[in-house]
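Protein chains in written order, with our numbering: chain A, 10 to 490; chain U, -14 to 508.
Here's the structure we're looking at; comments come further down.
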């Protein structure tokens, strides 16, 4: 039994991976024209992972010494399960409409989620790298899954090429870290660095810098954000929603783990590099976002800006900051996937309907979708009583507590600017009559709509009664930091 | 009575009403039902605010009807609400104006009636929430949440440049308030450094000693948010746009209640929380207020558009309120609070009248009117009374507030009072001139010849306003009494926080309407 128990920590990931494999097999055995219920397989796998999270909570299970199902990892796994379920719900209409290969699509998505879960629970740099590759490759392919679309292929290629560079940087960083500390395990790195803290050499800086570049690319921090708008615009909207939330959650989980536990002793050093990055990320994300005419591109910049708020918390680095990151990731996942869900539901076979002006008069045609979109956008903008407000308040509390008042001021001011562009969509939906080029919006499938309603309700829940989740987030960080 | 959570129910009732309306099918045939439901709900809220007033102990300075429940205990955030004399009357004012605003736009809103009514009710809930919150976090939530319904009210049902006005309103207000959020967070953090636990509880934060240098920054952050909301010169530029483009109900609520949040914020938060900084900045704020009084009046004088004229008159009138607060003596602050109520009544009334005229003629330009007195005598009579109340004619409400403020300001700084007093004269000039051009003389425009006089519904809208203006003019004690203990409490907080030795001996009030002389040295 002891040998079985030692596998506990990878159960959530294994559930999702098993579902991915099942999806592939199901696709292979499907006769042409026959419809297989592949999406439910994914749902079962994700629910299994969710149950495993519940069962493993507070147990601090560890497998092979490199995967730790501590509460922090499990909280992020929980977020990823939510991301997976919502992504599957909003993918179905897109797959139907675009005629995408169902089995491959779901299998890739599930494999990426498995990679993300591994990344969130890995406690060894090499395993983190492995997880990073698993999730990235799935997402690269998903980005380009519309093979006949030039935009989509271009996006996938850009994403892949820049991603490969970033992975190389990351790997190089691991090599230097190993060179300095003699290990790739986070705990050992941590104690080695703590012992050498007073004598940090250029090698330390290289190790740190290279790892930072790798992470900064994955969380699309400025100046490593260039791929984001193109990739987000070119990918199918459901995939954009998936990667803007899932990849961000997984990457931030590993980022926090590596920088706030292993490299914690060098915080003074990396903090001074990271805070300008955080400031630039918030500013660029919002200021450039204002100029966008395409909703997906706008949300890409918004996602960069939200990355900036998370970096702000990371820089702050205190206990409030760590739990605020978890809360923020959860809220952001629900909100952003909701917004992309609306985008997916408005797409038409012949036209993407993703320009801001396409949303004119949506309130008349689809009051429910307009209402949902408004909730998601206002939450992204940080209005009470929605989850987005609590998330931002949480992050800014951390910054104030850590004494980063100027960063917090930049944060709140950029969030006012971001409200400006979120409101442009609201203005279109409610205050502009649908013009000549009135987009014809397709009917709304029930499951996707239900998923959006559930996320909207969850956003209200997080905004009005956040205590439970705040306590959970606080409990999640106490176990590892 | 104390066991029934009356304040919570005041917030919950409009929200429940809005949710109820949400269930009504979206259909033009239901418009009547929707309007009636919203009106009934808002009248119930008003009745409840009156009940609140009835049970309010006017001789106490303490917060009453207090409810407190843990909300986010990890950060010391609680659902903590209560009213004192200052907020009580503002809550009543909110309850009073909302049904009037709904009734006033009964016919001018034909599209999307359901959403309109929902937004008005949600706005009412948020406004009441702002006035009763005693937890800074809760206060900020209501403060920010209120922007959304107002934004939609202006943006969807407003006039031509409504989108510009709505976005400007929202961004201006938000830009001011986010810095206040950081200041609130800093306060909570400072409390945790001092005592080991976070709190957003206003009463506990009142007790906290803050270094004067820190006070300056926090005071500025709070005051910027409030100064934009008031709006204090030179932060007023959003106001004419928002007022002019908003639908009548929006203007009434905006002028009647929303602007008061800024001055209320100064009285409730900025001054008592940061007394040293308040002392330091009061002359500057007062100077801006006086500039605003004169500037607003001068700009109002040259407006061709009635609604814009009323909007600029708001800048001028709110300047008086800020001046009264800055004087920091009983007369000044009491007058300021009284003037907040007055301005809600008289400017709300003016916007309603302008709304009635523009419903009839679809223009708000003064030059399009003339000689209405012979065409619509009742409407003009109402117009006259409200105009006089706005100018501050003795016997009507405006006089009491302005008098107290000028008295307070004179005792504090006679020069300020002298300059501010010119605003009184100017306001008579621009209001009466406008009134004369619109209502007297021959009917110069054919279209005005057959205008309809007050309709039944409009009687119901305007009579309560006039009644209130007269009531507040003749029986000011009714309103001043509950305000006074709270004002004194606030002043003692401000003065204790600075140099206790310098507390002014607030002698018996020379104004006979002000009840009970201040007990000396009420420390």
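Ideal Cβ placement from N, Cα and C applies to all residues, glycine included.
Owing to the predicted nature of the structure, the values given are computational and were not obtained by experimental measurement.
Name the DSSP beta bridge partners of residue 54/U, please?
Note: residue 54/U sits in a beta bridge opposite 64/U.
Determine, using beta carbons only, whether residue 99/U and residue 25/U come nearer to each other than 7 Å.
No.
Determine the extent of the beta strand (DSSP E) in which residue 70/A is found, giving its start and end residues.
For residue 70/A, the enclosing beta strand (DSSP E) starts and ends at 70 to 72.
With a Cβ-Cβ cutoff of 7 Å, do residue 363/U and residue 290/U count as a contact?
No.
Near residue 172/U, which residues of its chain fall below 6 Å by C-beta distance, leaving aside the five closest residues on each side in sequence?
For residue 172/U, where only same-chain residues beyond five positions count, the Cβ hits under 6 Å are 190.
Quick one: is residue 391/A buried, meaning 16 or more other Cβ sit within 10 Å of its Cβ, or exposed?
Looking at its Cβ environment, which holds 16 or more other Cβ atoms inside 10 Å, residue 391/A is buried.
Residue of 401/A, 429/A, 430/A, 142/A minimising C-alpha distance to residue 416/A:
Looking at the Cα atoms, 401/A is the closest of the given residues.
For residue 90/A and residue 134/A, which I take to be in contact (beta-carbon distance under 8 Å), what is that distance rounded to the nearest angstrom?
With a beta-carbon spacing of about 25 Å, residue 90/A and residue 134/A fall beyond the 8 Å limit used to define contacts.
What is the rounded straight-line gap between the Cα of residue 486/U and the Cα of residue 258/U?
Interpretation of residue 486/U is limited by its pLDDT of 35, a score under 50 that renders its predicted location unreliable; the figure taken from the coordinates is listed afterwards. Each residue's alpha carbon lies about 19 Å from the other.
Whole-angstrom Cβ separation of residue 362/A and residue 443/A, contact assumed at under 8 Å?
Residue 362/A to residue 443/A, Cβ: 12 Å. No contact.
At the level of alpha carbons, what is the spacing between residue 446/U and residue 237/U?
In a straight line, the C-alpha of residue 446/U is about 12 Å away from that of residue 237/U.
What distance in whole Å lies between the Cβ atoms of residue 68/U and residue 48/U, which are believed to be in contact at a cut-off of 8 Å?
7 Å between Cβ atoms; contact.
As a quick exercise: from 111/A, 68/A, 96/A, 60/A, pick the residue whose alpha carbon is nearest that of residue 42/A.
Nearest option by C-alpha distance: 111/A.
Rounded distance between the beta-carbons of residue 428/U and residue 360/U, thought under 8 Å:
Taking C-beta atoms under 8 Å as the contact rule, residue 360/U and residue 428/U qualify, at a distance of about 6 Å.
Would you list the residues sitting across from residue 120/U in a DSSP beta bridge?
Note: residue 120/U sits in a beta bridge opposite 186/U.
According to DSSP, which residues form a beta bridge with residue 131/A?
According to DSSP, which records beta bridges pairwise, residue 131/A is partnered with 76/A.
Could you tell me the distance, in whole angstroms, from the CA atom of residue 58/A to the CA atom of residue 323/A?
Just so you know, the alpha carbons of residue 58/A and residue 323/A end up roughly 27 Å apart.
Is the Cβ of residue 57/U closer than 7 Å to any Cβ of chain A?
For residue 57/U, a Cβ of chain A is located within less than 7 Å of the residue's own Cβ.
If you check the beta carbons only, do residue 414/U and residue 278/U fall under 7 Å apart?
It is not a contact, given that the beta carbons lie outside the stated cut-off.
What residues are listed by DSSP as bridge partners for residue 194/A?
Residue pairing by DSSP places residue 194/A opposite 133/A in a beta bridge.
Just grab the DSSP bridge partners of residue 290/U for me.
Residue 290/U pairs with 350/U.
For a test of the three-state rule: what should DSSP assign to residue 364/A, helix, strand or coil?
Of the three classes helix, strand and coil, the one that applies to residue 364/A here is strand, per DSSP.
Skipping 5 residues on each side, what residues in its chain have a beta carbon closer than 6 Å to that of residue 161/A?
153, 155, 243, listed in sequence order.
How is the alpha helix (DSSP H) around residue 345/A delimited, first residue to last?
Run containing residue 345/A: 328 to 355, per the alpha helix (DSSP H) assignment.
Could you give the C-beta distance for residue 116/A and residue 456/A, rounded to a whole number, given that I count them as a contact under 8 Å?
Rounded to whole angstroms, the Cβ separation of residue 116/A and residue 456/A is 20 Å, and the two are not in contact under 8 Å.
Own chain residues within Cβ distance below 6 Å of residue 210/U, not counting five before or after
So the list reads 161, 162, 165, once near-sequence residues are dropped.
Can you check whether the C-beta of residue 140/U is within less than 7 Å of a C-beta belonging to chain A?
Closer than 7 Å to the CB of residue 140/U there is at least one CB belonging to chain A.
Determine the closest residue to residue 480/U out of 315/U, 185/U, 30/U, with distance taken between C-alpha atoms.
Ranking the options by Cα distance to residue 480/U, first place goes to 315/U.
Measuring only the C-alpha atoms, how far is residue 378/U from residue 336/U?
A direct Cα-to-Cα measurement between residue 378/U and residue 336/U gives close to 19 Å.
Would you mind stating whether residue 170/U and residue 405/A have Cβ atoms separated by less than 7 Å?
Their beta carbons are under 7 Å apart, which means residue 170/U touches residue 405/A by this criterion.
Tell me which residues of the stretch -4 to 13 of chain U have at least one Cβ-Cβ distance to chain A shorter than 9 Å, keeping chain order.
From the stretch -4 to 13 of chain U, only 11 have a Cβ closer than 9 Å to chain A.
Smallest Cα separation from residue 489/A: which of 305/A, 345/A, 328/A?
Checking every option, the nearest Cα to that of residue 489/A belongs to 328/A.
Interface flag, residue 428/U vs chain A, CB-CB below 7 Å:
No - not a single Cβ of chain A is within 7 Å of the one on residue 428/U.
Near residue -10/U, which residues of its chain fall below 6 Å by C-beta distance, leaving aside the five closest residues on each side in sequence?
When the five nearest sequence neighbours on each side are left out, the beta carbons in the same chain lying within less than 6 Å of the beta carbon of residue -10/U are those of 52, in order along the chain.
Hey, would you say residue 321/U sits closer than 7 Å to residue 310/U, going by beta carbons?
It is a contact, given that the beta carbons lie within the stated cut-off.
Can you find a CB in chain A that lies within less than 7 Å of the CB of residue 163/U?
For residue 163/U, a Cβ of chain A is located within less than 7 Å of the residue's own Cβ.
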